[in-house]
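Undergrad:
Number of protein chains: 2
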Amino acid sequence: MELELAAARLAELGHSTRLAIFRILVKAGRQGLSVGDIQQQLDIPASTLSHHLARMIKVDLLQQQREGRTLYCQLQFDVVDALLGYLYAECCAADGQSLLAINKKGNVAAKC
Amino acid sequence: MELELAAARLAELGHSTRLAIFRILVKAGRQGLSVGDIQQQLDIPASTLSHHLARMIKVDLLQQQREGRTLYCQLQFDVVDALLGYLYAECCAADGQSLLAINKKGNVAAKC
DNA sequence: ATTTTATTTCTACTAATATGGAATTGTCAA
DNA sequence: TTGACAATTCCATATTAGTAGAAATAAAAT
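If you're matching them up, the sequences are chains A and B in order. Heads up: the first sequence begins at 2 in the working numbering, then just goes up one per residue. Heads up: the second sequence begins at 2 in the working numbering, then just goes up one per residue.
#1: Thinking C-alpha only, which one of A:Gly15, A:Ala9, A:His52 and A:Val36 is nearest B:Glu5?
#2: For B:Arg10, does the three-state DSSP call read helix, strand or coil?
#3: Tell me which residues share the same chain as A:Ala21 and place their Cβ nearer than 7 Å to its Cβ, disregarding the 5 neighbours each side in the sequence.
#4: Compare the C-beta of B:Ala55 with all C-beta atoms of chain A and state if any pair is closer than 9 Å.
#5: Can you find the residues in the same chain that come closer than 7 Å, C-beta to C-beta, to A:Cys74, ignoring five residues on each side of it along the sequence?
#6: Excluding the 5 residues flanking B:Glu13 on each side, which residues of the same chain have their C-beta closer than 7 Å to its C-beta?
#7: For a contact defined as C-beta to C-beta under 8 Å, what are the partners of B:His16 on chain A?
#8: Between which residues of its own chain and A:Thr71 is the CB-CB distance below 6 Å, once the five residues before and five after are set aside?
#9: Which residues in chain B sit within 9 Å of A:Ala21, going by Cβ to Cβ distance?
#10: Please report the distance separating the alpha-carbon of B:Asp79 from that of B:Glu91.
#11: Mind listing which residues of the region 71 to 85 of chain B have their C-beta closer than 7 Å to chain A's C-betas, in chain order?
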């Protein structure tokens, strides 16, 4: 992933409402969640939510799939994966070795 | 790290100039780089760069240290670490197992 | 056909961000 | 103590983002 695209995607995650959406959709897994369910969990106006979803869709962080009159939102896990991979690749470049503790045994990443 | 803070930090990384700064400072490692050196690499006006640095400092992504008339910028690796850790923790929560390939052997994270 | 439900698009408004020239501050050297 | 250098702060301006009510669209149920 090139820098511009990574920045655009990070910017979308860089808003508390959208990061909350991200969080909810990670928990929901591959089948995703309906817009209505997300709205209920966040308790925000439908138009506001719709606006945020549209932004995330525009950078391919998530996709929607209609089933009857319900729209299901699913995270694009491969895109999220690529984004985190990009960040890691950058972080690992320090002096040829990682300056991050996250990859050492015993921490979060190791448990995934 | 709580959601609000994580979002604020992601938002700062979510700008191409600042992500470029981040990248340069990762490569520079712990000793960091002077503002002037960063400016030279990015080729942008000093005031614009200063503005972006100030924003990143505000959310503790980086710090500055004066040495004579030169200001050195250093990434706060522990903060970056915590931020990526937060994202990972969220991502790992899907159905109790990771939906990310990034932690499987053979990819970027594994090489760090 | 009409109503209900789910969600988006339209619209308007306000606030925040990004940019960069000019003036300023801090530090050293002559 | 004046001059040069490093970088910031001040300022104006242009653009983009965020919010949410109202109207519109889509699909199902009656």
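All residues carry an ideal CB built from backbone N, CA and C; glycine is no exception.
TA: Quick look at the numbers:
#1: Against the second sequence, residue 5 of chain B aligns to sequence position 4. Here the closest residue by C-alpha is A:Gly15.
#2: Counting from one through the second sequence, the residue named residue 10 of chain B turns up at place 9. Note: B:Arg10 maps to helix in three-state DSSP.
#3: As a working note, residue 21 of chain A is residue 20 in the first sequence. Closer than 7 Å at Cβ, skipping near neighbours: Leu43.
#4: Along the second sequence, one-based indexing puts residue 55 of chain B at 54. Taking CB atoms only, B:Ala55 has no neighbour in chain A less than 9 Å away.
#5: The residue labelled residue 74 of chain A in the question sits at position 73 within the first sequence. Around A:Cys74: Leu26, Gly33, Leu34, Val36, Ile39, Leu54, Leu63 and Gln65.
#6: Within the second sequence, numbered from 1, the residue matching residue 13 of chain B stands at position 12. Arg19, Arg56, Met57, Val60 and Leu62.
#7: Locating residue 16 of chain B in the second sequence gives position 15, counting from the first residue. For B:His16, the C-beta contacts it makes with chain A under 8 Å involve Ala8 and Ala12, in order along the chain.
#8: As a working note, residue 71 of chain A is residue 70 in the first sequence. The beta carbon of A:Thr71 sits closer than 6 Å to the beta carbons of Ser35 from its chain, once the five residues preceding and following it are set aside; these are given in chain order.
#9: Counting from 1 along the first sequence, the entry for residue 21 of chain A is found at position 20. Simply Leu4 and Ala8.
#10: One-based indexing of the second sequence puts residue 79 of chain B at position 78. One-based indexing of the second sequence puts residue 91 of chain B at position 90. Taking the straight line joining both Cα atoms gives about 18 Å.
#11: So the close ones are Phe78, Val81, Asp82 and Leu85.
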